[in-house]
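Undergrad: Every letter in the sequence shown is one number past the one before it in numbering that gives the first Met the number 0, and letter 165, counting from 1, is 164. No residue lacks a Cβ here, since even glycine has one placed at the ideal position from N, Cα and C.
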Amino acid sequence: MADVKFKNIKKVFSGNVTAVSGVNLEVKDKEFMVLLGPSGCGKSTTLRALAGLETPTSGDILLGDKSVINIPAKDRDIAMVFQNYALYPHMNVYGNLAFALKLRRYSRAEIERRVNEAAQILGISHLLKRKPKEISGGERQRVAVGRAIVRKPQAFLFDEPLSNLDAKLRVQMRTEIKKLHIKIKATMLYVTHDQTEAMTLGDRVAIMKNGKLLQVDTPLDVYDKPVNKFVAGFIGSPPMNFIDGTLYKSNGALYFQEKDGFNLKVPEQAQDKLFDYLNQDITLGIRPENLYDKLFASYATPDNTLAATCDVIETMGSQNHLFLTTKSHTLIAVVDASNKPTVGSRVEIVFDTKKMHFFDPSTENTIV
Ligand code: ATP
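1) Since L86 and A197 should fall inside the 8 Å C-beta cutoff, what is the C-beta to C-beta distance between them, to a whole number of angstroms?
2) I need the straight-line Cα distance from E267 to Q194, nearest angstrom please.
3) Please confirm if the segment 294 to 309 is in contact with the segment 345 to 353, defined as three or more CB-CB distances below 8 Å between the two stretches.
4) Report the three-state DSSP secondary structure of G201 (helix, strand or coil).
5) Counting along the chain, where does the alpha helix (DSSP H) carrying K10 start and finish?
6) Can you tell me whether DSSP reads R345 as helix, strand or coil?
7) Once DSSP output is grouped into helix, strand and coil, what is the label at L127?
8) What are the partner residues of Y247, as DSSP defines its beta bridges?
9) Taking three-plus beta-carbon pairs below 8 Å as touching, is the segment 287 to 297 in contact with the segment 249 to 262?
10) Could you pull out every residue in the same chain whose Cβ sits closer than 6 Å to the Cβ of F241, ignoring the five residues on either side in sequence?
11) Apart from the five residues just before and just after D216, which ones in its own chain have a Cβ nearer than 8 Å to its Cβ?
12) Buried or exposed: N23, going by 16 or more other Cβ atoms within 10 Å of its Cβ?
13) Quick check: the segment 56 to 66 against the segment 135 to 152, are at least 3 beta-carbon pairs closer than 8 Å?
14) Compare the C-beta of S249 with all C-beta atoms of chain B and state if any pair is closer than 7 Å.
15) Assign I366 to one of three DSSP states: helix, strand, or coil.
16) Going by the C-beta, is C309 closer than 6 Å to any heavy atom of the ligand ATP?
17) Are the segment 161 to 176 and the segment 136 to 151 in contact at 8 Å, needing three or more beta carbon pairs?
18) From V114 to H320, what does the alpha carbon distance come to, in whole angstroms?
19) Using the DSSP secondary-structure output, state which residues sit across from C309 in a beta bridge.
20) Taking the alpha-carbon positions, what's the I148 to A99 distance?
21) Under a three-way DSSP split, which group does N95 fall into?
22) Between the C-alpha atoms of Y382 and K73, what's the straight-line distance to the nearest angstrom?
23) Starting from the Cα of G63, find the closest Cα among D28, M90 and D220 and give me that residue.
24) Between L263, H328, V334 and S124, which has its C-alpha nearest S317's C-alpha?
25) I want to check one thing, is the minimum distance from the CB of A18 to the heavy atoms of the ligand ATP below 6 Å?
26) Just to confirm my understanding: we take E288, look at its own chain, exclude 5 residues before and 5 after, and list those with CB closer than 7 Å. What are they?
27) For T125, count the other beta carbons within 10 Å of its own beta carbon; 16 or more makes it buried, fewer makes it exposed. Which is it?
28) For a minimum of 4 consecutive residues, which ranges assigned as the alpha helix (DSSP H) are wholly contained in the segment 14 to 88?
29) Does the segment 355 to 365 touch the segment 322 to 333, meaning 3 or more C-beta pairs lie closer than 8 Å?
30) Skipping 5 residues on each side, what residues in its chain have a beta carbon closer than 7 Å to that of L168?
31) Which value, in whole angstroms, describes the spacing of the CA atoms of L179 and P237?
32) What does Y291 pair with, by DSSP beta-bridge criteria?
33) Where does Q318 sit, in a helix, a strand or coil, going by DSSP?
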């Protein structure tokens, strides 16, 4: 196994489409790195550049200490699992698993040993004689992963490998991939636009937008300390609530005032960084799980509470999602299942103000 370094990778396609604009990223040996971002942000192109399937316009990629930029894809010692699995339909599962090893002229005994080992790791030993059309989507996905495992490559690349599976199987296979990483301790790069997949799988998550890397951090850090409003809104489901307003000072304390009226006191520890924004526009962010119904919050004060109307309740089983409106904003609160206000009623909503985020409205960067 090896570490991977992307050094200022740029890719401009014909027609002057800039897919990747200066990505610098280090993936540690044995790390599970997830590239996350919306459709078209350049994550697949970045991954394909490492696999040798795209040639970067500029920049370098190192596998271990060696630049791979001039090495053909087939010689890079990297295995990639594609979204459509790309299995050979006329070969049985054994043939599919063995194919890359035969090409590389491994001995028959070694091929058999590696195929059986991979099949056992993935629980597909009983399927070896079947053709791809005779196995289920989840099993095909396992075979696709098995083809990567048998090669014992320096790095595994996954390009949205779960998107063709139904929701239940996707969750199951996600766990399988996580277990596989723990078992074989390999360097893995995984591309997805699904933030839940990214959060559950990644040792670290690299978030991309418009060909640029915005943040590379552990799942918890991207969640708790997003670098900007885009990351804050992209990570988390339901997404973070955003409220535009201004900051003012009263009796030495800072208050956030929503345009249509309500005020929230800014906790002391956040005040220092916010004084530059005094009497200016600012965007407040608060996650749905940091909003509470006053009936269920012990620390409600006029400085952290506002009135809203509950428009819709989505019952999730263990939780309820409350869709609330103030005069000019819609907010989502995730509350306990026992907290079920009447639809259309007024609800006093308490903010856990220590969990508030503030963003510069022009740059959208996090202030605190
Ligand atoms: P998705 O999640 O939809 O696969 P992505 O984040 O992986 O998206 P890329 O596939 O890397 O995005 O594409 C990045 C940008 O480059 C997009 O605007 C895309 O249209 C463009 N692009 C990708 N491949 C080519 C190509 N061969 N020729 C021209 N433009 C391309």
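TA: According to the structure data:
1) The residue you call residue 86 lines up with position 87 of the sequence shown. The residue you call residue 197 lines up with position 198 of the sequence shown. About 26 Å; that fails the 8 Å criterion.
2) Within the sequence shown, the letter at position 268 stands for residue 267. Within the sequence shown, the letter at position 195 stands for residue 194. Their backbone Cα atoms lie some 32 Å apart in a straight line.
3) A contact exists between the segment 294 to 309 and the segment 345 to 353.
4) Here the question's residue 201 lines up with position 202 in the sequence shown. If DSSP states are grouped into helix, strand and coil, G201 belongs with coil.
5) To locate residue 10, count along the sequence shown from 1; it is residue 11. Not the alpha helix (DSSP H): K10 falls in the beta strand (DSSP E), residues V3 to F12.
6) Here residue 345 refers to the residue found at position 346 of the sequence shown. Note: R345 maps to strand in three-state DSSP.
7) To locate residue 127, count along the sequence shown from 1; it is residue 128. Here DSSP, grouped into helix, strand and coil, assigns L127 to coil.
8) Mapped onto the sequence shown, residue 247 falls at position 248. BP columns for Y247 point to Y254.
9) The segment 287 to 297 is not in contact with the segment 249 to 262.
10) Residue numbering aside, residue 241 sits at position 242 when the sequence shown is read from its first letter. Short of 6 Å from the beta carbon of F241, and not among the five residues preceding or following it, lie these beta carbons of its own chain, in chain order: T282 and G284.
11) On the sequence shown, residue 216 is found 217 positions in, with the first residue counted as 1. For D216, where only same-chain residues beyond five positions count, the Cβ hits under 8 Å are R203, V204 and K224.
12) Residue numbering aside, residue 23 sits at position 24 when the sequence shown is read from its first letter. Its Cβ having fewer than 16 others within 10 Å, N23 is exposed.
13) Cβ pair count under 8 Å is below three, so no.
14) Going by chain labels, chain B is absent from the structure shown, which holds only one protein chain.
15) The count along the sequence shown starts at 1 and reaches residue 366 at position 367. Here I366 sits in coil by DSSP.
16) Your numbering for residue 309 matches position 310 in the sequence shown. False, no ligand heavy atom lies under 6 Å from that Cβ.
17) With the cut-off at 8 Å, the segment 161 to 176 and the segment 136 to 151 touch.
18) Looking up residue 114 in the sequence shown gives position 115. Looking up residue 320 in the sequence shown gives position 321. If you take the alpha carbons of V114 and H320, they lie about 47 Å apart.
19) Locating residue 309 in the sequence shown gives position 310, where the first residue counts as 1. Its beta-bridge partners are L323.
20) Here residue 148 is taken as the residue at index 149 of the sequence shown, counted from 1. Here residue 99 is taken as the residue at index 100 of the sequence shown, counted from 1. Their Cα atoms are separated by approximately 11 Å.
21) Walking along the sequence shown from the start, residue 95 turns up at place 96. In the structure shown, N95 sits in a helix (DSSP, three-state: H, G or I).
22) No information on residue 382 is available, as it lies outside the stretch 0 to 367 that the chain covers here.
23) In the sequence shown, counting from the first residue as 1, residue 63 sits at position 64. In this structure, D28 is the residue among D28, M90 and D220 with its C-alpha nearest to the C-alpha of G63.
24) Residue numbering aside, residue 317 sits at position 318 when the sequence shown is read from its first letter. Closest option to S317, Cα to Cα, is V334.
25) Residue mapping note: residue 18 aligns to position 19 of the sequence shown, counting from 1. Yes; taking the cut-off as 6 Å, the Cβ of A18 has a heavy atom of the ligand ATP nearer than that.
26) Sequence index remark: in the sequence shown, residue 288 carries index 289 (1-based). Only V333 meet the Cβ criterion.
27) In the sequence shown, the residue the question calls residue 125 occupies position 126. One point to set straight first is that residue 125 is His, not Thr, in the sequence displayed. So H125 counts as exposed.
28) Fully contained in the segment 14 to 88 are the following alpha helix (DSSP H) runs of length 4 or more, in chain order: 42 to 50.
29) Under the 8 Å Cβ criterion, the segment 322 to 333 does not count as touching the segment 355 to 365, having fewer than three qualifying pairs.
30) Working through the sequence shown from its first residue, we reach residue 168 at position 169. If the five residues before and after L168 are omitted, its C-beta is found closer than 7 Å to the C-beta atoms of G136 and G137, all from its own chain and listed in chain order.
31) Looking up residue 179 in the sequence shown gives position 180. Looking up residue 237 in the sequence shown gives position 238. Cα to Cα, L179 sits roughly 29 Å from P237.
32) In the sequence shown, counting from the first residue as 1, residue 291 sits at position 292. Per DSSP, V349.
33) The residue given as residue 318 occupies position 319 in the sequence shown. Q318 falls in the strand class under three-state DSSP.
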